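Residue numbers (the working numbering): 148 to 458. Positions of the beta carbon are idealized from the N, C-alpha and C atoms, including for glycine. Please read these numbers as outputs of a predicted model, since none were measured by experiment. Read the structure below first, then the notes.
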Amino acid sequence: MRNRFAALGMAIALAACDGFSVAGNDVAVEPSEAQARPAFEPRTAASFEIEARFERVERNLVARGLLRFDGGGPDAPFTDEMVARNFNALAFSEEFSGRSGQVVRVSRESALHRWDRPILIETIIGPSVSPDQATKDSAAIAAFGARLATITDHPIRNVESGGNFRVFVLNDHELRQSDAQLTGLMPEISPAQVRFVEEMSSDTYCVVFTSDPNQDGNIQRAAAVIRAELPDRLRTSCIHEEISQGLGLANDSAQARPSIFNDDDEFGRLTNHDELLLQILYDPRLKPGMDRAAAAPLVRDIATGLLSPAT
Numbered sequence: 148m149r150n151r152f153a154a155l156g157m158a159i160a161l162a163a164c165d166g167f168s169v170a171g172n173d174v175a176v177e178p179s180e181a182q183a184r185p186a187f188e189p190r191t192a193a194s195f196e197i198e199a200r201f202e203r204v205e206r207n208l209v210a211r212g213l214l215r216f217d218g219g220g221p222d223a224p225f226t227d228e229m230v231a232r233n234f235n236a237l238a239f240s241e242e243f244s245g246r247s248g249q250v251v252r253v254s255r256e257s258a259l260h261r262w263d264r265p266i267l268i269e270t271i272i273g274p275s276v277s278p279d280q281a282t283k284d285s286a287a288i289a290a291f292g293a294r295l296a297t298i299t300d301h302p303i304r305n306v307e308s309g310g311n312f313r314v315f316v317l318n319d320h321e322l323r324q325s326d327a328q329l330t331g332l333m334p335e336i337s338p339a340q341v342r343f344v345e346e347m348s349s350d351t352y353c354v355v356f357t358s359d360p361n362q363d364g365n366i367q368r369a370a371a372v373i374r375a376e377l378p379d380r381l382r383t384s385c386i387h388e389e390i391s392q393g394l395g396l397a398n399d400s401a402q403a404r405p406s407i408f409n410d411d412d413e414f415g416r417l418t419n420h421d422e423l424l425l426q427i428l429y430d431p432r433l434k435p436g437m438d439r440a441a442a443a444p445l446v447r448d449i450a451t452g453l454l455s456p457a458t
């Protein structure tokens with residue numbers, strides 16, 4: 148087993164969002180069974196303190212004109228060349244790697260990764276999340292999954308059990324006890340990656356892991372972890388970015404605009420630019436495992452075709 152994060156990818160949201168790869172050989176994963184939601188549990192004082200901090204952060208970002216929900220406008224134009232450039236930056240490099248048993252931010256080249264099988268999104272919400280909020284979160288995740296299915300023309304649906312892409316919405320003390328939930332889906336996940344979640348710093352909003360156990364570019368499993376203390380805009384931003392990154396766009400880029408795949412927090416929802424990136428990722432002319440050099444001419448042609456006026 149090689150400990151390479153290209154096999155188990157990871158993206159994190161640090162006052163934004165991020166993603167990771169998980170290394171390992173293909174293993175059998177026990178399907179989860181549909182269960183009634185656990186009885187409501189009280190939140191901890193630390194969780195309420197974290198929630199108050201995130202509310203202050205969100206107010207500050209919105210006051211500065213960030214976390215935009217408009218999807219991009221006349222102030223953020225882009226061309227087919229810019230779309231192709233941004234796609235290559237996002238799809239052929241990764242933000243995080245494993246080093247000396249730690250998860251570290253370091254950019255490295257990667258092959259193209261995407262799903263070749265239907266994506267089954269299963270939402271798992273911690274017992275200390277209020278029933279009303281749990282209902283809202285489940286609906287938001289299901290609706291966004293349906294939107295991604297339309298954008299990519301790839302089969303994506305919401306399931307109550309047996310998901311291969313699990314989205315966890317957990318309060319702080321639930322994060323600290325998430326080992327069994329993560330390893331149940333991804334036995335190949337490294338101790339450092341589990342520790343990253345269980346010891347998630349208060350400036351990290353969310354994270355996603357993707358697993359390519361055969362190391363051939365085909366993602367087979369993914370897990371997104373979203374802090375339940377987040378207020379509405381940051382929560383939406385995490386849902387959009389982590390699930391989108393879990394489809395195969397593992398990196399962020401300072402040049403990507405208008406985009407949620409940028410750590411500047413300017414946009415808080417998937418933009419029209421981002422939709423084009425996902426359409427390119429799932430275009431049949433591209434194949435999982437392709438490197439940047441082989442894919443670049445195709446990416447340029449696809450981007451040009453998507454932005455050319457219909458004739």
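Inclusion of L428 and L396 in the CB contact set at 8 Å is warranted, their separation being smaller than that value. Sorting M347, E413, A231, P189 by C-alpha distance to the C-alpha of R215 places E413 at the top.
P378 is the residue among H387, F239, F187, P378 whose C-alpha sits nearest the C-alpha of R200. Cβ-Cβ separation between A450 and D300: approximately 17 Å, too far for a contact (criterion under 8 Å).
Burial state of N409 is buried, judged by a 10 Å Cβ sphere holding 16 or more other Cβ atoms. With contacts defined by Cβ atoms closer than 8 Å, F239 and E256 form a contacting pair. Remark: C-beta atoms of G292 and N305 approach each other more closely than 8 Å. Closest in alpha carbon position to R368, among Y352, V446, A403, Q392, is Q392.
Sorting D263, P224, I197, E198 by C-alpha distance to the C-alpha of D363 places D263 at the top. DSSP places F356 within a strand segment (E or B) once states are collapsed to three.
Going by DSSP, F312 is part of no alpha helix (DSSP H) but of the beta strand (DSSP E) stretching over 312-317. Of L423, V276, A441, E202, the smallest CA-CA separation from F315 is found for V276. Pairing P338 with E345, the inter-Cα distance amounts to about 10 Å. The beta carbon of D319 sits closer than 7 Å to those of T191, A193, S194, I197, E376, all from its chain and outside the five residues before and after it, given in chain order. Distance from the CA atom of E202 to the CA atom of L423, rounded to whole angstroms, is 31 Å. Counting only residues of its own chain and dropping the five nearest sequence neighbours on each side, D326 has a CB closer than 6 Å to the CB of V341.
Around the beta carbon of G273, a 10 Å sphere encloses 16 or more other beta carbons of the protein chains shown; the residue is thus reported as buried. The DSSP assignment places 303-306, 312-317 as complete runs of the beta strand (DSSP E) inside the region 290-339, in order along the chain (cut-off: 3 residues). With fewer than 16 other CB atoms across the displayed protein chains lying within 10 angstroms of its CB, R211 is exposed.
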